[in-house]
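With this note's numbering applied, the sequence shown corresponds to residues 2 to 180, in that order. Glycine included, every Cβ here is placed at the ideal spot set by N, Cα and C. Have a look at the structure below before the remarks.
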Amino acid sequence: MDRNRATVRWLYGALYAGLALFLMLMHILPTDLGPDGYPGPDLLLCITLAWVLRRPQYVPTLLIAAVFLMTDLLYMRPPGLWTALVVIAVEALRSREATLREQPLMVEIVTVAVFLAMIHIGYWLLLLLFAVPQARFALLLLEMIATLVTYPIVVVLARVVFKVQKINPADFDATRAAK
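Written as structure tokens, this is what we have:
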């Protein structure tokens, strides 16, 4: 049974990495058909937050750091800055996963909104502090809002399509007993 859990964790980690690579590829391909100037949601961040709040063991910290560092390099952002902010936020959320497990979805969305705001505003302030050229603050807010609006859809897709749902008390007790 222990081997089965480890296999499932590895498979979901590989699925997360595959989804991340697919989203990165879709982001860098020249397929923009919509109007310019409006940023879309950060789907990779949505998936990461949703999976961490449902099954934190499926997405280890090193995998998240590697994926977001690769996005920094591919999207030509300052290497490691966005990664560090995301990893800090993910670890803070991971530590709150047990308390959010029994809360309704709206509480989770508000919590995610606070962390999204901290990530985005922190990123903007750090770039401003070091005088790095960046987009207007309004565009950053639009991306943050689009990401937050997309988050519940990603949660539903994670549950329905990928079967990533919150740990129920019986699974949690079995997991704790196995350690």
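Item                                                                                                       : Value
Contact the stretch 17-24 vs the stretch 126-135: 3+ CB pairs below 8 Å                                    : no
Residue interval of the alpha helix (DSSP H) (run including phenylalanine 69)                              : 62-75
Integer Cβ distance of alanine 66 from threonine 84, believed to fall under 8 Å                            : 6 Å
Residue environment, glutamate 103, which counts as buried when at least 16 other CB atoms sit within 10 Å : exposed
For asparagine 5, the three-state DSSP class (helix, strand or coil)                                       : helix
Expected contact under 8 Å - CB spacing of leucine 44 and threonine 151 to nearest Å                       : 7 Å
Top-ranked residue by Cα proximity to proline 57, from Val157, Arg95, Pro42                                : Arg95
Local conformation of isoleucine 168 per DSSP, three classes                                               : coil
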